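*Asks:*
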Amino acid sequence: IALFSLKSSKREWKPLEDHSCTDVPWLLLFILFCIGMGFICGFSIATGAAARLLSGYDSYGNICGQKNVKVEGIVNSGLDLTQKKYVFFLDPCNIDLVHQKIKSLALCVSACPRKELKTLADVQKFAETNGSTLCSYELQPSEYTTDPRAAKLCPKYPVPESAPIPFFHRCAPVNISCYAKFAEALITFVSDSSVLHRLISGVMTSKEIIMGLCLLSLVLSMILMVIIRYISRVLVWILTILVILGSLGGTGVLWCLYAKQQISASAVETQIAKENLQALLIYAISATVFTVILFLIMLIMRKRVALTIALFHVAGKVFIHLPLLVFQPFWTFFVLILFWTYWITVLLFLGTTGSPVPNEEGLVEFRMVGPLKYMWWYHVVGLIWISEFILACQQMTVAGAVVTYYFTREKRNLPFTPILASVNRLVCYHLGTVAKGSFIITLVKIPRMILMYIHTQLKGKENACARCMLKACICCLWCLEKCLTYLNQNAYTATAINSTNFCTSAKDAFVILVENALRVAAINTVGDFMLFLGKVLIVCSTGLAGIMLLNYQRDYTIWVLPLIIVCLFAFLVAHCFLSIYEMVVDVLFLCFAIDTKYNDGSPGREFYMDKVLMEFVENSRKSMKEAGRGGGAEGRELKPMVGADEE
């Protein structure tokens, strides 16, 4: 760390002065990877997967609604099914949970049965009336009731009422209880169909209220982002008082219980009473030690809490000067939805990609052979990497805009749209850095997801030791991922400031964070808890408004589901908006730390910081002078403010 600090101090930081392309090889690698993703999509379409997915295919390899090519060794293949455009399953409720597919013979039919058919005679009548044969191709409608093969080649009756799935040409049962195995928990909860109907009717009847409450949560989130800078000091002191009272009260109650138990135990000396008395003593001592440590920590960090309040105040000003920051979650969510839609579409294509291969039952399955079967893994890695890339682009955009705000002395000279200027710098110079940072997160996510999958598959089969080791590994990887995500975010800020590559920026940011470790702890504890209280406030306010509005509705009896939907949406909206606020605070802190390290307020080395942060610096200097320059951790930490030459 000392070596890193020495190297970092030699580099001259020039905020927003130099712009150069960073991590170009990683950008080229990311482009090549995206070309590979495009190849997978093109390959799946070229091999007929798109047609099989959209039009559907039967168990003999024929695509419905078109002429087909004969598959060698497969009867009933190569048929002209131009008039038969829908896939019909003889037993749609026979679901293979292991392989996650319908284990039934599939045929192409000209129409789905729109009413329940209870006997083979009804199936025969349906074929004669509608011209849609629901039995296998080798049987004629006149043979449905006479041919003994009809038991295997005709649908299992009663044939449920079904309707075609829009755009996918599959006949699906109208009664979804057929798929109860996929949703046992739901079916158990709504085993009474009347309950399910009332829940759905509750949602449909109150859809206007739900939309209004969702809009209310959006407005409350925006308002909170503006006013939080005015209430941050109050929130911090309320939090401090609650923590003090809670720790003192809990410790006092434990000692009182110990005293009472000791008096009663002296009268009745039993083994159980002695054990309870000893346990209470241990609890009381532990609580006392915890309270003392907590007080010492609060005593040490009391001045750093003032920095958290100041940063929250300045963050509120940032949103006033950069109002487009508020809309960052919308753009990011929109881009993610577009990518996820594309990814799921290609995933469905891959499910029907491959060459027709006869299975053990003499029917056709489409399988990929050779290296092509690993395209699934490539596609999954693409989901993680590109999703992280999109999120990292948001972080870099926010960091660039906030850095522009902080290091512009005259706020009147800010660009007309700092957000668009930040996006322009990202696209022109720093996409490689974002690609590298997101790839590092991907490298950690993939092993964690694999371990989680293994843990799920072995649930109930592994021994206690293996289960504990798996959970420990998953927990460690999760912690590593969170630490790397935080470091990445600060690396993007350093890149936005000095236009350095990812590794250099990460090293510089790490040195700054280590030098201000106590401040970082204060911001990430007090600040995060304040934002959590903000999320709770928005959810509770929206939920309360929902209860008051839904209580006056008389068109349905159950409004629990609408209220749950509203509260979940309110939490999601609050999390998205306040996460942007948290991101702004983190960027401001790194800018502040760099500013105080390399500037001291003297002519030629003036601070860039806001007046609120300047007041914090002046108060810290006064405290440092009173305590003496040579003593105390605070004096050592604020030393760079007095003279950067001493670094």
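First residue of the sequence shown: -7, per my numbering; consecutive thereafter. Don't be surprised by glycine CBs; every beta carbon is placed ideally from N, CA and C. All figures in this text were calculated on a predicted structure; none of them were measured in a lab.
1. Would you mind sorting V528 into buried or exposed? The rule is 16 or more other CB atoms within 10 Å of its CB.
2. State the DSSP-derived secondary structure class of I66, mapped to helix, strand or coil.
3. In three-state terms, what does DSSP make of S12?
4. Where does F81 fall in DSSP's three states?
5. Which one of F31, L20, L24 and L19 has the shortest CA to CA distance from M367?
6. When we look at the beta-carbon of M29 and count the other beta-carbons within 10 Å, is it buried (16 or more) or exposed?
7. To the nearest angstrom, report how far apart V151 and E357 are at their CA atoms.
8. Given that a residue counts as buried once 16 or more other Cβ atoms are within 10 Å of its Cβ, and exposed if not, what is L558?
9. Between which two residues does the beta strand (DSSP E) holding V356 run?
10. Going along the chain, which residues of its own chain have a beta-carbon closer than 6 Å to the beta-carbon of A488, five neighbours each way excluded?
11. How about D520 and E473: do their beta carbons lie closer than 9 Å?
12. Taking C-alpha atoms, which residue in A119, C100 and V101 lies nearest to L109?
13. Hey, quick one: how far does the beta strand (DSSP E) through S497 stretch, first residue to last?
14. Compare the beta carbon distance of H305 and Y222 with 9 Å and say whether it is the shorter of the two.
15. Measuring alpha carbon to alpha carbon, tell me which of P350, L375, P321 and L364 ends up nearest T333.
16. Roughly how many angstroms separate the alpha carbons of A513 and A537, rounded to a whole number?
17. Span of the beta strand (DSSP E) holding A98?
18. Going by the beta-carbon positions, is the gap between L97 and L355 smaller than 9 Å?
19. Locate the beta strand (DSSP E) running through V372, then write down its first and last residues.
20. Spell out a yes or no on whether the segment 274 to 294 and the segment 588 to 596 are touching, meaning 3 or more CB-CB pairs, one atom from each, closer than 8 Å.
21. With G70 and P348 assumed to form a contact (beta carbons below 8 Å), what rounded beta-carbon distance in angstroms separates them?
22. Checking 9 Å against the spacing of the C-beta atoms, do L272 and L249 come in under that value?
23. Please return the same chain residues whose Cβ sits closer than 7 Å to the Cβ of G65, not counting the five positions on each side in sequence.
24. Which residues in the same chain as N416 place their Cβ atom closer than 7 Å to its Cβ, once the five residues preceding and following it in sequence are excluded?
25. State the DSSP-derived secondary structure class of Y334, mapped to helix, strand or coil.
26. Thinking just about the alpha-carbon of each residue, which of P147, R141 and T74 is nearest to the one in P658?
27. Ignore the nearest five residues each way along the sequence and tell me which others in F174's own chain have a CB closer than 6 Å to its CB.
28. Identify the continuous beta strand (DSSP E) that holds V349 and give its terminal residues.
29. Alpha carbon to alpha carbon, how far is A103 from N122? Give it in angstroms, no decimals.
30. For A307 and K499, what's the separation of their Cα atoms in angstroms?
31. Less than 9 Å separating the beta-carbons of T425 and T14?
32. Taking I55 and A43 to be in contact with their CB atoms under 8 Å, please state how far apart those CB atoms are, rounded to whole angstroms.
33. Exposed or buried, which one is F399 when buried takes at least 16 other CB atoms within 10 Å?
34. Using DSSP with H/G/I as helix, E/B as strand and the rest coil, what is C643?
35. From the DSSP output, in three-state form, read off D520 for me.
36. According to DSSP, which residues form a beta bridge with A458?
*Replies:* If we stick to the structure as given:
1. The residue labelled residue 528 in the question sits at position 536 within the sequence shown. With fewer than 16 Cβ atoms within 10 Å of its Cβ, V528 is classed as exposed.
2. Counted from its first residue, the sequence shown places residue 66 at position 74. Look at I66 here: in three-state DSSP terms it is coil, with no helix or strand label.
3. On the sequence shown, position 20 is the one that residue 12 refers to. DSSP places S12 in coil when its eight states are reduced to three.
4. In the sequence shown, counting from the first residue as 1, residue 81 sits at position 89. If DSSP states are grouped into helix, strand and coil, F81 belongs with the strands.
5. As a first step, residue 367 is located in the sequence shown; it is residue number 375 there, counting from the start. Cα-wise, what sits closest to M367 is F31.
6. Here residue 29 refers to the residue found at position 37 of the sequence shown. Buried, by the Cβ-count rule.
7. Counting from 1 along the sequence shown, the entry for residue 151 is found at position 159. Counting from 1 along the sequence shown, the entry for residue 357 is found at position 365. Their backbone Cα atoms lie some 25 Å apart in a straight line.
8. If you number the sequence shown from 1, residue 558 lands on position 566. According to the sequence displayed, residue 558 carries Val and not Leu. It is buried - the Cβ of V558 has at least 16 other Cβ atoms within 10 Å.
9. The sequence position of residue 356 within the sequence shown is 364, counting from 1. Element bounds for V356: V356 to R359.
10. Residue numbering aside, residue 488 sits at position 496 when the sequence shown is read from its first letter. Closer than 6 Å at the Cβ level, and outside the excluded window around A488, lie A391, G392 and V395.
11. The residue labelled residue 520 in the question sits at position 528 within the sequence shown. The residue labelled residue 473 in the question sits at position 481 within the sequence shown. Cβ distance not < 9 Å, so D520 and E473 don't count as in contact.
12. Translated into the one-based positions of the sequence shown, residue 109 becomes position 117. Minimum Cα distance to L109 is reached at A119.
13. Numbered from 1 along the sequence shown, position 505 holds the residue referred to as residue 497. Note, S497: premise wrong, no beta strand (DSSP E); alpha helix (DSSP H) at F494 to E507.
14. For the purposes of this step, residue 305 is identified with residue 313 of the sequence shown, where counting begins at 1. For the purposes of this step, residue 222 is identified with residue 230 of the sequence shown, where counting begins at 1. Yes, these two residues count as a Cβ contact at 9 Å.
15. The sequence position of residue 333 within the sequence shown is 341, counting from 1. Nearest option by C-alpha distance: L375.
16. Counting from 1 along the sequence shown, the entry for residue 513 is found at position 521. Counting from 1 along the sequence shown, the entry for residue 537 is found at position 545. Each residue's alpha carbon lies about 36 Å from the other.
17. Counted from its first residue, the sequence shown places residue 98 at position 106. Its beta strand (DSSP E) spans residues A98 to V101.
18. In the sequence shown, counting from the first residue as 1, residue 97 sits at position 105. In the sequence shown, counting from the first residue as 1, residue 355 sits at position 363. Cβ atoms of L97 and L355: closer than 9 Å.
19. Along the sequence shown, read from residue 1 onward, the residue named residue 372 stands at position 380. That residue, V372, is in no beta strand (DSSP E); its alpha helix (DSSP H) goes M367 to Y398.
20. no
21. As a working mapping, residue 70 is identified with position 78 in the sequence shown. As a working mapping, residue 348 is identified with position 356 in the sequence shown. For G70 against P348, the beta-carbon gap comes to about 11 Å, at or over 8 Å, which does not count as contact.
22. The count along the sequence shown starts at 1 and reaches residue 272 at position 280. The count along the sequence shown starts at 1 and reaches residue 249 at position 257. Taking 9 Å as the Cβ cut-off, L272 and L249 qualify as a contacting pair.
23. By one-based count along the sequence shown, residue 65 stands at place 73. Counting only Cβ-Cβ distances below 7 Å, and skipping sequence neighbours, we find P350.
24. Numbered from 1 along the sequence shown, position 424 holds the residue referred to as residue 416. Hits under 7 Å: none found.
25. Working through the sequence shown from its first residue, we reach residue 334 at position 342. Three-state result, Y334: helix.
26. This structure gives no information on residue 658, because the portion of the chain shown stretches from -7 to 639.
27. Within the sequence shown, the letter at position 182 stands for residue 174. Since pLDDT at F174 reaches only 42, below the 50 mark, its modelled position is unreliable, and no value is offered.
28. Translated into positions along the sequence shown, residue 349 becomes position 357. Run containing V349: S347 to P350, per the beta strand (DSSP E) assignment.
29. As a working mapping, residue 122 is identified with position 130 in the sequence shown. As a working mapping, residue 103 is identified with position 111 in the sequence shown. Distance between the alpha carbons of N122 and A103 is about 7 Å.
30. By one-based count along the sequence shown, residue 307 stands at place 315. By one-based count along the sequence shown, residue 499 stands at place 507. Near 25 Å, if we compare the C-alpha coordinates of K499 and A307.
31. On the sequence shown, position 433 is the one that residue 425 refers to. On the sequence shown, position 22 is the one that residue 14 refers to. Yes, the pair counts as a contact, with Cβ atoms nearer than the cut-off.
32. Here residue 55 refers to the residue found at position 63 when the sequence shown is read from its first residue. Here residue 43 refers to the residue found at position 51 when the sequence shown is read from its first residue. Right, their Cβ atoms sit about 6 Å apart.
33. Taking the sequence shown and counting its residues from 1, one reaches residue 399 at position 407. When all chains shown are included, F399 counts as buried.
34. Residue 643 lies beyond the range of the chain shown here (-7 to 639); nothing can be said about it.
35. For the purposes of this step, residue 520 is identified with residue 528 of the sequence shown, where counting begins at 1. Correct three-state label for D520: helix.
36. The residue given as residue 458 occupies position 466 in the sequence shown. According to DSSP, A458 bridges with nothing at all.
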